[in-house]
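Beneath this line is the structure, given in structure tokens, with notes to follow.
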Amino acid sequence: MARRYDQRTTIFSPEGRVYQVEYAMTAIRHAGATVGILAKDGIVLAAEKKTTAKLLDGSSTISEKMFKIDEHVVCAVAGITSDANILINYARLSSQRYYYTYQEPIPVEQLVSQICDTKQGYTQYGGLRPFGVSFLYAGWDKHFGFQLYQSDPSGNFAGWKATSIGGENSQNAQSVLRSKYKPDINYKEALELALKVLTKTMDRSNVNSDKLEFSYFTKKGDQIVYHILSPKELDDFIKDADLENENEDS
Amino acid sequence: MARRYDQRTTIFSPEGRVYQVEYAMTAIRHAGATVGILAKDGIVLAAEKKTTAKLLDGSSTISEKMFKIDEHVVCAVAGITSDANILINYARLSSQRYYYTYQEPIPVEQLVSQICDTKQGYTQYGGLRPFGVSFLYAGWDKHFGFQLYQSDPSGNFAGWKATSIGGENSQNAQSVLRSKYKPDINYKEALELALKVLTKTMDRSNVNSDKLEFSYFTKKGDQIVYHILSPKELDDFIKDADLENENEDS
Amino acid sequence: MARRYDQRTTIFSPEGRVYQVEYAMTAIRHAGATVGILAKDGIVLAAEKKTTAKLLDGSSTISEKMFKIDEHVVCAVAGITSDANILINYARLSSQRYYYTYQEPIPVEQLVSQICDTKQGYTQYGGLRPFGVSFLYAGWDKHFGFQLYQSDPSGNFAGWKATSIGGENSQNAQSVLRSKYKPDINYKEALELALKVLTKTMDRSNVNSDKLEFSYFTKKGDQIVYHILSPKELDDFIKDADLENENEDS
Amino acid sequence: MARRYDQRTTIFSPEGRVYQVEYAMTAIRHAGATVGILAKDGIVLAAEKKTTAKLLDGSSTISEKMFKIDEHVVCAVAGITSDANILINYARLSSQRYYYTYQEPIPVEQLVSQICDTKQGYTQYGGLRPFGVSFLYAGWDKHFGFQLYQSDPSGNFAGWKATSIGGENSQNAQSVLRSKYKPDINYKEALELALKVLTKTMDRSNVNSDKLEFSYFTKKGDQIVYHILSPKELDDFIKDADLENENEDS
Amino acid sequence: MARRYDQRTTIFSPEGRVYQVEYAMTAIRHAGATVGILAKDGIVLAAEKKTTAKLLDGSSTISEKMFKIDEHVVCAVAGITSDANILINYARLSSQRYYYTYQEPIPVEQLVSQICDTKQGYTQYGGLRPFGVSFLYAGWDKHFGFQLYQSDPSGNFAGWKATSIGGENSQNAQSVLRSKYKPDINYKEALELALKVLTKTMDRSNVNSDKLEFSYFTKKGDQIVYHILSPKELDDFIKDADLENENEDS
Amino acid sequence: MARRYDQRTTIFSPEGRVYQVEYAMTAIRHAGATVGILAKDGIVLAAEKKTTAKLLDGSSTISEKMFKIDEHVVCAVAGITSDANILINYARLSSQRYYYTYQEPIPVEQLVSQICDTKQGYTQYGGLRPFGVSFLYAGWDKHFGFQLYQSDPSGNFAGWKATSIGGENSQNAQSVLRSKYKPDINYKEALELALKVLTKTMDRSNVNSDKLEFSYFTKKGDQIVYHILSPKELDDFIKDADLENENEDS
Amino acid sequence: MARRYDQRTTIFSPEGRVYQVEYAMTAIRHAGATVGILAKDGIVLAAEKKTTAKLLDGSSTISEKMFKIDEHVVCAVAGITSDANILINYARLSSQRYYYTYQEPIPVEQLVSQICDTKQGYTQYGGLRPFGVSFLYAGWDKHFGFQLYQSDPSGNFAGWKATSIGGENSQNAQSVLRSKYKPDINYKEALELALKVLTKTMDRSNVNSDKLEFSYFTKKGDQIVYHILSPKELDDFIKDADLENENEDS
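Chains as they are written, first to last, in the working numbering: chain R, 1 to 250; chain P, 251 to 500; chain L, 501 to 750; chain D, 751 to 1000; chain Z, 1001 to 1250; chain X, 1251 to 1500; chain G, 1501 to 1750.
Below you can see the structure in the form of structure tokens.
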């Protein structure tokens, strides 16, 4: 009977639920998992790639999962990529507008808040569907240093120390993070933790740069640096890390 | 049969009810309880936090339940946070606009009334759903001193001496407030009363700063002061208060 | 079968009825009763309050049932308060606009007519629901002296000598008014008559200033005066009146 | 099966009918009957009042059934009064605009035609319901002298010598008019004929100024005069007329 | 099953039909028949009147069936009169606008074409119903002399030598026209032919000026003359014609 | 089950079809067949007329099937004529606008492309139905000489050497064209081929200028000439051609 | 049951799918296959033509499957051609606008991204259907040299080394590409590979320039050259290639 209330985005069901938002969240579950970890000295974003076609042209500028919004903010995506593109365009514009007005980078939380207000509108007005996409936002600003946020299709968001979005085994990922995360982790350890989380349920033969994407924010002196691991860097890193991993599991 | 009338926000059922508004109120019941108490010398807002992930990053500026609108007004939220954000943005803007025009803080009731008129519109026009959020507004102005208001998804509001929103045991909370509230309560006693109300139905092991959020308005000389208890302050306060509490119960 | 025609505000049923308007009237029946009596020397408005929470803060400026529109017009409300607020805002603005344009108070009937035209629109256009509120308007102008009007959700209105809106026992109230009303009644007798009407079906223990609200218009010399009885005044008045009342009943 | 086509104002049924318009006409049948008679020297409008509350305040300017549009045009209404108000406002504005532009009164037919075009629109566009009201328009202009028009919810209109709208016994009224109307009738005889038509099916005890409303247009020298019979005039007139009436019936 | 496609004006049924347009045509069949005949020296329009109330005021300017658009164009109507009024207003405005711009009368076909484009729009856009009216347009211009056009609710139109719209026996009328029409007919013979067509299925007792309306265009020297037969002229004409008629039938 | 997807123009069925467009195409099948043939030295357009009323006035400028858009472009229509009129108006305006801007005739393909983009919009947006009309466009421009295009309700179009639209035996017509068409055909042979195609399935007694319409484009020196065969020319042509035809068939 | 969610473009099904987008993709499967291959020194686009009418006029400028957007970008289409036209117009305009503003060709990815954002909107807003078309974009810019992109009705896009859209045997085509593609392929080898992919499932007798369309981008010195193989070139190429092909298969 609950199904009577799930065909319009703008209505509540008798239990007070907005079903279209919940269905949008299901869409995200089909996407590859994405993990974000806030470290003392940076932030790690790591994602599982679902598309397997070896003919994809990696040399273009399109990352499948990670998008730079500004020099100091990056986001990782789980869900419908074309929905995400709209919001990312909006975020980039917001960021530039802020810079143009105030001559300083937009604070990370303010940017996240603006995107989420847009998302919320698509859950309340008729004739629209919610954006079928969740984000992890990693950024740095002078007020709060490194920050990691997560938002979902409802427009809710929160700051996290470590979290994951997307993936069928999201629960699993969250519980690994809870048990292994330590507040004084550095970004290199965070990379390893992210690998552990993502590969827990993957077939070992798939654990390589074709199926994974890793990046991190850190600080080099006064400079904020964002780096995406090249396939070679990633494969090397996996080879080293994997060994440790097995040891630890045993 | 009544269900025929609950799929559009803009219609009355034969009994004269607007079901979407009632369902939105149900949404609020799933949220953690929030208590507001008006004291002689201030106002107390206290909330139960539902999210339990220890990985949430508390250092960011986002309070989960309490939002400053202006120097002299604060609100506590129960319901869908992304819905609340939209109304809070609107309230902040209204407040600044008033100040810009009249060079004095907006009277608390006028601010509450404006937000509620916006809420009402979402219950009368087609293609929209009501805002799934109730508010407690705490504020001070020169006309009426400290004031506590409560509003719900229909856009109704009223001034209260002590009240609670959200929470499965809302009835319970209201009855504790009715029996224990005294008009000459001071804000410190109000903090203790709020704790008693919130913890009545909580598992004792959960009664700590991870699960609770306390704040109060008071006056220091001519200055209005709003203070959110830090986790440490809160835990200390709970330890002391809890003892008293038990004594009283016995 | 008639139910096929009751889910859109903009259609007639085969019998020529607009069901949404009739359902909105049902909504008003759930509200507390409100009585208006036109006297030789003034007008009385009296209302039963439904909310019983003793923690409501009466010191704020919000009357639950009676709203001043201008110095010379007041209205009493039965129905959804947040709907009423929208119309009252509109009435206040209309009244000020008239004054600004013509430098004299708006005639009472003109004001009532404007509000009712607005109400009518919400019964004829799609995507809207009717306003779920009935009003009693009490006012004075130089053309017709004291006047009492009643309007309902359809936008119909009429001038009355004595009438009541809201309340489950509306019929009862009307019949008491019909049998006891005398054209040469003065406002003090009208207060007593109003009390009699409202308390007829109330539990005697509830007959006090917590549950009732009384106000009247009268003329002091050339001055129009509007007065809301304070809880003390009201309780005193009830004590005196009640006795008479009982005598009369016996 | 025909019922499939009666829930949208903008569609034809397979038989070529627009049901919403027909239902609106049903709404008018519930209203009290209104009779118009064109005489050599004037026009008579007479109506049965449905509301019986003796507490209605007759001293206000609101006639229940007859509305002056301009010095030279009056209309009588059967149906939903709040719908009528909207069209009467529109008619008054049209009339003044015409006068302002051309410095002479608007021809009666032109005014009627404008109102009816507005009515038509509400039967053809989606999201609206037809106006639930029929009118009799009585007026005088220099082109055609005294004129009587009738319009219905579809926006159709025509000039009549004598006609009636509203009332459960509309057929009856029409047939009395057909048999008794004479082209050389004067306005005084027309008043009597109107009384006969309206009272045919009324309970004799109700035939008084509480239940009836009579008015007429006539010419005093060059002056057009519109007069509504006062309750006293009406009761006197009924007393005299009634006798004749009985004689005639016997 | 075909009925699934008849409730929206904007959709095709699987057989490629737009049902709402076909239903609108049915509406026209209920109207009285109207005949147009193009003669060498003029055009005849003749109509059967459906309304029978002898109290209709014929002295007003409203013809029930024939409307002058401009000095050189007239139209006859079958269907919903209030729908027709809207299109006739539009046609009059178009005609005047053309004259104002080019200082010569609008060519007849251009006028017809404009009205039909408007009609077409109401069959293609949602939320509207087609105009429930067919027209015969009779006119003269310097390019093509006398012309007779017919249009229907779909917005289709064509030039005709003789045709009829409306009436339950439309087929019958068409077949009489086909068998009796001669290209070298003059307007007087055309009047008789029109009478024959209209009266074929009428009760002989109804064949008089109460039930029929005749008019014709002809040329007096260089002047285009449009004449509506007065009731007297019509009755005289019927008397003479009828005889011939009977002779011919025998 | 497929029928669930055929009531809205804007949706795909599970098989990826837009049913409303397919139904519109069915509407075209009911229309008379129209043939276009591109010859070395011109283009032939020939159509079967469905309306049979001998009373249609052929002297007016309205061709039933062929419409001149500009001096160098003509179109033939199959489907709903009033729909076609709208697009033809649009085409004429486009053509004139182009000429006004660039001082040379619009290239034929550009004109066709503009009309088709308009058609496409009516298949993708809600609240509209597709245009129920197919076109053959014949034209000449300096870039590509004589060109023949065909478009359908979906907005698809293509250039053709010989094609037909409308008609129940469209398949048949196409196959005759395929077997008989030769690239070096001249416009006179093309006229005969067109006749053969159209008359294949017609009753021989109907093959005359009442039922057929023939026109062609050709070049006289540098001049582009468009000629519609007069009824006499057509009947003469049929007489001659028919003989050959029979010979050929035997 | 899933079918409840497939009739509106703007809703998610409970499994998080947007069915209208998936149905649009089905529409594309009915189209002929199109193959794109990125070579070291150019890009090949090759398509199977579905329309078989030998009477199609190939001399017009309309390619059925390949459209030039600008000097440096071309796209190949699979799906509804009239939908594609709208997007191609938009792309051409975007490209020219960019050039006008920055005086250099628009980067290929930026162009693709703009088109895809437009596509996305048609999957999220009510009252629209998604564009039923997939594209291959081939282009060159100074930032990334030769690039090949693919987009689908959802608005997703990605860069590819070799891919195919449309065609019932899309899986098959993809797998041939995966097994035969080599990164150091040159454009001539790519032409042969494309032929192999397209003809794998075609009837050998259809493998000729009537059924196929081949084009390529390459660089002649500093010049970007786009060439569509003429029917003769194509048939010659097929003859040569086919032989090799057979040898290879054996």
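Glycine is no exception: its CB is placed at the ideal position from the N, C-alpha and C atoms.
With a 10 Å radius around its C-beta and 16 neighbouring C-beta atoms as the bar for buried, classify residue i as buried or exposed.
{"i": "T351(P)", "result": "exposed"}
{"i": "L343(P)", "result": "exposed"}
{"i": "R1678(G)", "result": "exposed"}
{"i": "H322(P)", "result": "buried"}
{"i": "E918(D)", "result": "exposed"}
{"i": "K1392(X)", "result": "exposed"}
{"i": "E1359(X)", "result": "buried"}
{"i": "D1236(Z)", "result": "exposed"}
{"i": "G1471(X)", "result": "exposed"}
{"i": "S1595(G)", "result": "buried"}
Have a look at the options and flag the residue whose alpha-carbon is nearest the alpha-carbon of residue i.
{"i": "F381(P)", "options": "K392(P), T368(P), G389(P)", "result": "T368(P)"}
{"i": "S709(L)", "options": "A546(L), S670(L), T718(L), V633(L)", "result": "A546(L)"}
{"i": "H780(D)", "options": "P764(D), K818(D), T831(D)", "result": "T831(D)"}
{"i": "P1731(G)", "options": "V1707(G), K1720(G), G1721(G)", "result": "V1707(G)"}
{"i": "V1475(X)", "options": "A1277(X), S1263(X), Q1353(X), D1320(X)", "result": "D1320(X)"}
Can you find the residues in the same chain that come closer than 8 Å, C-beta to C-beta, to residue i, ignoring five residues on each side of it along the sequence?
{"i": "I336(P)", "result": "F381"}
{"i": "R629(L)", "result": "T509, Q520, A524, Y622"}
{"i": "L1743(G)", "result": "Because L1743(G) sits at a pLDDT of 48, beneath the cut-off of 50, its placement in the model cannot be relied upon, and the point is left open."}
{"i": "M1501(G)", "result": "Per-residue confidence for M1501(G) stands at a pLDDT of 43, beneath the threshold of 50, marking its modelled position as unreliable; the derived number appears in the next sentence. Counting only Cβ-Cβ distances below 8 Å, and skipping sequence neighbours, we find nothing."}
Looking only at its chain, what residues have a beta carbon closer than 6 Å to the beta carbon of residue i, apart from the 5 residues adjacent to it on each side?
{"i": "A444(P)", "result": "V285, I287, V294, A296"}
{"i": "Y649(L)", "result": "V612, Y637, F657, G659"}
{"i": "G1139(Z)", "result": "H1072, V1073, V1108, Q1147"}
On the premise that residue j lies in contact with residue i, defined as a C-beta separation below 8 Å, what is that separation, rounded to the nearest angstrom?
{"i": "S1113(Z)", "j": "S1134(Z)", "result": "Contact flag wrong, Cβ pair sits at about 16 Å."}
{"i": "T951(D)", "j": "N922(D)", "result": "6 Å"}
{"i": "K1411(X)", "j": "K1430(X)", "result": "At roughly 12 Å, the Cβ-Cβ gap does not stay under 8 Å, so K1411(X) and K1430(X) are not in contact."}
{"i": "K1290(X)", "j": "I1435(X)", "result": "7 Å"}
{"i": "E798(D)", "j": "L962(D)", "result": "6 Å"}
{"i": "A241(R)", "j": "E192(R)", "result": "5 Å"}
{"i": "G292(P)", "j": "T468(P)", "result": "3 Å"}
{"i": "S1170(Z)", "j": "A1033(Z)", "result": "7 Å"}
{"i": "A777(D)", "j": "G516(L)", "result": "3 Å"}
For the stretch 1077 to 1134 of chain Z, which segments carrying the alpha helix (DSSP H) assignment without a break, of at least 4 residues, lie completely within its bounds, in sequence order? 1081 to 1102, 1108 to 1124
query = Which runs of the alpha helix (DSSP H) fall wholly inside the stretch 649 to 681 of chain L and span at least 4 residues, in chain order?
reply = 670 to 680
_Extract the residue ranges of the beta strand (DSSP E) inside the stretch 251 to 286 of chain P, only unbroken runs of 3 or more that lie entirely within it._
none
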